[in-house]
Every structure is written in C-alpha cells, then in structure tokens.
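J.: One structure follows; several queries about it will come next.
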Amino acid sequence: MYTGNVQSFTVPYTGTYKLETWGAQGGNDNLNVSFTYHKGGLGGYAEGEVSLTKGETIYAVVGGQGANAPSVTNGGYNDGGGNDRSGSGGGVDYGGKFDMDGGYAGGPSYGNNKTATQTNGYSFGRGESVPFIDSGAGDGGWYGGYHGESKNLYSYGGGGSSYIGGVSGSKTIDGNQSMPSPSGETKTGNTGNGYARITFIKLDDTTSPVTTDNAPKDWVNKDVTVDLTATDNDGGSGVTSTYYQLDNGPTKSGNEIKISDEGVHTLTYWSVDNAGNEETQHTTTVKIDKTVPITTDNAPKDWVNKDVTVDLTATDNDGGSGIASTYYQLDNGSTQSGNEIKISTEGVHTLTYWSVDNAGNTEQFNTKTIKLDKTAPVLNISLDKTTIWPPNHKMVPITATINASDDTSGINLVVLTSITSNETLQSDDIQNANYNKPISGSTDSFELRADRLGRGNGRIYTVTYTAMDNTGNVTTHTATVTVPHNQSK
1 MYTGNVQSFT
11 VPYTGTYKLE
21 TWGAQGGNDN
31 LNVSFTYHKG
41 GLGGYAEGEV
51 SLTKGETIYA
61 VVGGQGANAP
71 SVTNGGYNDG
81 GGNDRSGSGG
91 GVDYGGKFDM
101 DGGYAGGPSY
111 GNNKTATQTN
121 GYSFGRGESV
131 PFIDSGAGDG
141 GWYGGYHGES
151 KNLYSYGGGG
161 SSYIGGVSGS
171 KTIDGNQSMP
181 SPSGETKTGN
191 TGNGYARITF
201 IKLDDTTSPV
211 TTDNAPKDWV
221 NKDVTVDLTA
231 TDNDGGSGVT
241 STYYQLDNGP
251 TKSGNEIKIS
261 DEGVHTLTYW
271 SVDNAGNEET
281 QHTTTVKIDK
291 TVPITTDNAP
301 KDWVNKDVTV
311 DLTATDNDGG
321 SGIASTYYQL
331 DNGSTQSGNE
341 IKISTEGVHT
351 LTYWSVDNAG
361 NTEQFNTKTI
371 KLDKTAPVLN
381 ISLDKTTIWP
391 PNHKMVPITA
401 TINASDDTSG
411 INLVVLTSIT
421 SNETLQSDDI
431 QNANYNKPIS
441 GSTDSFELRA
451 DRLGRGNGRI
461 YTVTYTAMDN
471 TGNVTTHTAT
481 VTVPHNQSK
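In terms of the UniProt record's numbering, the sequence shown has 28 at position 28, counting the first letter as 1, and numbering is strictly consecutive.
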C-alpha cells in the first residue's frame with residue numbers, strides 16, 4: 001500500500017512469486033462549480049510471475065493519488081507531478097531484484113495526446129503537459145493515462161501506470177478496463193493510492209532434507225534418548241515434519257525418541273520439507289543392556305591335597321551384549337584378566353573375581369576360598385611297654401601315647417590300623433584293640449598275650465597307627481612289643 005516511503009520484502013523461500021501492481025488514481029477536477037465534476041483517471045493493473053531466491057530483498061515504492069484541483073498542487077509520490085489544476089497519479093516502482101519502474105516525471109513541453117493507454121502513450125516514460133503551464137503533471141508514468149484537455153478546463157490528472165517488466169506470464173490492464181481488486185473482487189480501474197502485492201505461488205525446491213541422529217553406536221547400559229536433527233538445503237522450503245518407526249511399529253512424528261527396553265532396537269527415520277520432498281529412510285540400531293553378567297567358578301569347597309585349577313564361567317543375560325572380560329585377584333594381588341587360575345602353593349587362598357559385559361555393566365565381586373594342603377601330617381607313637389616278660393600266657397595291657405600334628409589343614413583323625421606278629425597268633429592273643437576307630441584322646445590301649453613259640457626266636461608284635469589330615473593326606477607310624485625267647489634276649 002502507499003506509505004510515501006520505500007518498503008522492503010525479504011524472500012522467505014526460493015520459489016515462484018506472483019507480483020501485482022495497481023497504479024494510483026489521478027487528482028479530481030473540482031475547480032469551478034459551473035463545470036461538470038470529473039474524477040481523476042483510474043490506475044491500471046499489471047501482473048506477472050518471477051523466480052526469487054531465499055534471502056533476496058525487493059524494495060517497493062507505491063505511488064499516491066494525485067491531489068485535487070484547485071491551486072498548484074503536487075501529484076502522487078513517485079513521479080506523479082503537480083499542475084495548476086489537479087495532480088496525476090503516481091506509478092508503482094519495484095527495485096532490487098529487477099526493473100519494474102513506476103512513473104517518470106512530467107515533461108516541460110506542450111502535448112495533447114488523447115490516445116494514451118497502458119501500452120501506448122505519449123512518449124516512453126513521459127506523460128503529457130497541460131498547454132498553458134510548462135512543467136505540468138506527469139500522467140501516470142510508463143504509458144499512463146492522459147490528462148484532461150486544457151481548452152475545456154477539465155483539469156483532472158491522468159491515472160498512474162502499473163506496468164511490470166522482467167517477469168513471465170505478464171499481463172497489463174488499462175485503467176478503464178475490468179481488473180481484479182486488491183481485496184479479491186473485480187472492479188474497473190484502481191481508485192485512490194497505488195497498491196502492490198507479492199504472492200507466493202510455489203517452491204522451487206527439489207532437494208530432499210537431510211536428517212541425522214545421535215544414537216550411540218555401541219552397547220549402552222542405560223535408557224537412551226535419540227535426537228533427530230533435520231535440515232533442508234540452503235534456500236530450500238524448510239523442514240515440515242520428521243517421522244520415525246521404532247522396531248517396525250507405527251509411524252510417529254517427532255524429533256525425540258526415548259528407548260528404555262533392553263535389547264537390540266531398530267530405528268527408522270526420515271523427514272519431509274515444505275515442498276513435499278521426502279527423504280530416503282535412514283536406519284540405525286540402538287542396543288541397550290542394563291543387566292550385569294553372572295560369573296561362576298568350579299573351585300573346591302573343601303581342602304584339597306593337589307594343585308588346583310579354577311575355571312571361571314561368565315554368562316550374560318539372554319539377548320544381552322555379551323561378555324567383554326572376566327577379571328580376578330588372587331590373595332589381594334594385582335588384577336588379572338582371564339578365566340583360568342592355577343594355584344599350587346599350600347595354604348588358604350582368597351580368589352576374587354567378576355565380569356564386565358560389552359555394555360559396561362560390571363558384576364559385583366565374587367569371593368571364593370581355596371584351601372590347598374599337599375603335606376602329610378606328622379605322627380609319633382610311643383608305647384609304655386616295648387618288652388613283655390615272662391611269657392606266662394597272660395594278657396598284658398599296653399598304652400600307646402599318640403602325638404599327631406598338621407600345620408596346614410589340621411588332623412582329621414588317628415586310628416589304630418593293625419597289630420600283627422611274626423608268629424602265628426591265636427584269636428585271643430590280642431584283646432580290646434579298637435581298629436580303625438578315631439581316637440578321641442592322645443592315648444590308646446589294648447592287651448597283648450605274653451607268649452611265644454618255644455622253638456622260635458621270640459614274638460614281635462608290630463603296632464601300626466595311621467593319622468590323616470583334613471585334606472586326606474595320610475601318615476602311618478609303627479611301634480613294636482617283643483616277647484623274647486628267653487630273658488637274656
């Protein structure tokens with residue numbers, strides 16, 4: 001609309017725009033009541049289409065209606081000149097992108113051309129002048145309508161032009177013809193001030209937008225929020241919507257996807273711009289594992305009497321990220337990675353172990369004790385009698401003192417294993433002997449017969465005790481009791 005100042009328009013989208021202009025009306029004749037009242041010439045109309053690039057700026061100067069008679073008055077802004085009767089209407093001037101000028105200044109010479117139209121005027125870019133006053137009003141600029149004849153004193157200004165150049169599909173309509181109005185109706189000629197309108201027609205955008213994601217590439221052990229960032233080409237129509245599907249589910253629109261379920265998820269996404277260009281779908285994988293792995297061992301629970309190899313077996317949850325590494329510490333030593341630990345040193349050992357999966361989930365420490373004892377216990381036996389005399393066939397009580405020790409796993413039991421002789425014995429030659437029964441104290445007793453063969457060298461009783469530690473290591477010890485052939489022996 002007419003403001004008297006330069007107006008600007010910055011192109012929002014690269015595309016095709018329709019430009020429309022309406023020239024301003026000339027000033028009215030109102031000089032003398034004795035003459036017929038005449039309105040100024042009506043403004044013409046022009047339209048056309050042009051391709052514009054986003055960011056370009058168009059500057060528009062809209063002409064104003066010419067001033068009414070009487071007196072010497074000014075015409076419309078932008079080349080509607082003044083005269084002594086009435087002003088001619090101003091043109092419309094577009095600048096910046098291309099040349100769509102408004103009216104030119106009125107000329108100083110006499111002219112009387114009554115046939116000026118939108119496309120046929122007195123002179124290119126010049127209006128007529130009234131006959132009696134030099135430097136009269138310009139009649140609407142480029143091919144604007146002519147002003148009134150001075151001989152009848154019909155001093156009303158010509159209508160402003162509205163010609164647009166440099167466009168495609170251009171059309172001009174004279175001010176005395178039917179034309180569209182700025183309000184969308186139909187009218188004959190434009191009244192009042194000039195008017196210009198820019199209408200967006202279509203986008204010149206054939207490039208699809210580009211969408212990216214920030215999804216983690218590797219396994220993660222917490223909830224994930226995937227952000228989708230869509231951009232259109234420079235000067236493009238702009239992104240209208242971003243769409244996605246999670247695990248082949250329904251299509252949704254948005255730029256933020258929250259994923260909390262464990263497992264491997266497939267995210268498909270794409271964007272569409274305002275020109276309807278649809279991006280080729282992208283696919284990314286989101287892998288979530290929030291469950292720690294579990295590690296077990298085959299370490300013996302009890303004491304063992306040989307080297308031990310402990311095997312560690314780590315498993316992750318079904319559908320999880322899998323085991324990355326298993327770690328252990330033996331007797332608070334340095335951390336090692338592996339699944340097999342060999343132990344050969346006697347003693348009580350502490351094994352600490354744990355595993356980590358590919359998502360970074362770390363298992364709580366597990367602790368196991370391994371007890372290794374490869375040394376047999378120490379066993380000493382002393383008998384209170386080592387010789388029996390006389391060989392009177394009587395039973396003689398024998399007391400054994402037992403001293404058993406084991407510095408590692410400890411003594412489990414001591415038993416009387418056997419009593420044997422170098423001579424054939426009768427069934428009652430040994431009495432009250434408790435074979436293979438754990439001895440609760442430090443002594444043990446039994447009875448032996450004081451006897452020997454008359455033709456032999458004497459009887460020798462061999463007494464055997466066995467001690468076993470808690471690992472199963474065994475030690476035996478023997479002591480002898482002799483019934484001599486005669487006392488001298």
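Cβ atoms here follow ideal geometry from the backbone N, Cα and C, with glycine treated the same way.
Quick check on Val286: does DSSP put it in helix, strand or coil?
T.: Sequence index remark: in the sequence shown, residue 286 carries index 286 (1-based). Here Val286 sits in strand by DSSP.
J.: So His477 and Leu379 are in contact, right, with Cβ under 8 angstroms, and what is the actual spacing, rounded?
T.: Sequence index remark: in the sequence shown, residue 477 carries index 477 (1-based). Sequence index remark: in the sequence shown, residue 379 carries index 379 (1-based). Indeed they touch by this definition, with Cβ atoms about 4 angstroms apart.
J.: Quick one: residues in its chain with C-beta nearer than 6 angstroms to the C-beta of Asn392, no 5 flanking neighbours on either side, listed in chain order?
T.: As a working note, residue 392 is residue 392 in the sequence shown. Around Asn392: Ala450.
J.: Per DSSP, Tyr17 is paired with what?
T.: Start at 1 with the first residue of the sequence shown, and residue 17 comes out as number 17. Paired residue(s): Val50, Phe200.
J.: Tell me, please, which residues DSSP counts as bridged to Trp22.
T.: Translated into positions along the sequence shown, residue 22 becomes position 22. Answer by DSSP bridge pairing, in chain order: Tyr45, Tyr195.
J.: Using the beta-carbon count (16 or more within 10 Å), is Pro12 buried or exposed?
T.: The residue given as residue 12 occupies position 12 in the sequence shown. Classification of Pro12: exposed, given that the 10 Å Cβ count is below 16.
J.: Going by DSSP, what residue range makes up the beta strand (DSSP E) through Ile381?
T.: By one-based count along the sequence shown, residue 381 stands at place 381. Looking at the DSSP string, the run of the beta strand (DSSP E) that includes Ile381 is 378 to 383.
J.: Rounded to whole angstroms, what's the CA-CA distance from Ser337 to Leu312? Just pull it up for me.
T.: Sequence index remark: in the sequence shown, residue 337 carries index 337 (1-based). Sequence index remark: in the sequence shown, residue 312 carries index 312 (1-based). Approximately 11 angstroms, taken between the alpha carbons.
J.: For a test of the three-state rule: what should DSSP assign to Gly166, helix, strand or coil?
T.: Against the sequence shown, residue 166 aligns to sequence position 166. Correct three-state label for Gly166: coil.
J.: Contact check, Thr199 vs Lys18 under 8 angstroms by CB: the rounded distance?
T.: For the purposes of this step, residue 199 is identified with residue 199 of the sequence shown, where counting begins at 1. For the purposes of this step, residue 18 is identified with residue 18 of the sequence shown, where counting begins at 1. Yes, they are in contact, since the Cβ atoms of Thr199 and Lys18 sit about 4 angstroms apart, within 8 angstroms.
J.: Provide the residue(s) that pair with Pro484 in DSSP beta bridges, ordered along the chain.
T.: Counting from one through the sequence shown, the residue named residue 484 turns up at place 484. Paired residues: Gly458.
J.: Curious, which full-length alpha helix (DSSP H) runs of at least 4 residues does the stretch 217 to 267 contain?
T.: Listed in chain order, nothing qualifies, since the stretch 217 to 267 has no complete alpha helix (DSSP H) run of 4 or more residues.
J.: Count the other CB atoms, across all protein chains shown, that sit within 10 Å of the CB of residue 494; report buried if there are 16 or more and exposed otherwise.
T.: This structure does not reach residue 494, given that the chain is present from 1 up to 489, and the question cannot be answered.
J.: Which parts of the stretch 385 to 419 are runs of the beta strand (DSSP E), unbroken and 3 residues or longer, counting only runs that do not cross its ends?
T.: Those beta strand (DSSP E) runs which fall completely within the stretch 385 to 419 and span 3+ residues are 395 to 405.
J.: When the Cα of Asp261 is compared with those of Ile398, Gly4, Thr225, Gln65, which residue comes out closest?
T.: Position 261 of the sequence shown, counting from 1, holds the residue named residue 261. Considering only alpha carbons, the answer is Thr225.
J.: Does DSSP classify Thr478 as helix, strand or coil?
T.: Taking the first residue of the sequence shown as 1, we reach residue 478 at position 478. Thr478 falls in the strand class under three-state DSSP.
J.: Can you tell me where the beta strand (DSSP E) with Met179 in it begins and where it stops?
T.: Along the sequence shown, one-based indexing puts residue 179 at 179. It spans 178 to 180 - the beta strand (DSSP E) in which Met179 sits, taken as one unbroken run.
J.: Could you give the distance in angstroms between the alpha-carbon of Gly184 and the alpha-carbon of Gly166?
T.: Your numbering for residue 184 matches position 184 in the sequence shown. Your numbering for residue 166 matches position 166 in the sequence shown. So the two alpha carbons sit approximately 25 angstroms from each other.
J.: Do Thr191 and Asn176 have their C-beta atoms closer together than 9 angstroms?
T.: In the sequence shown, counting from the first residue as 1, residue 191 sits at position 191. In the sequence shown, counting from the first residue as 1, residue 176 sits at position 176. No.
J.: My understanding is that Val415 touches Pro438, with C-beta atoms under 8 angstroms, so please give their C-beta distance in whole angstroms.
T.: As a working mapping, residue 415 is identified with position 415 in the sequence shown. As a working mapping, residue 438 is identified with position 438 in the sequence shown. Contact flag correct, Cβ pair sits at about 6 angstroms.
J.: Just mark Met1 as buried or exposed, buried being the case when its beta carbon has 16 or more other beta carbons within 10 Å.
T.: The residue you call residue 1 lines up with position 1 of the sequence shown. Burial call: exposed.
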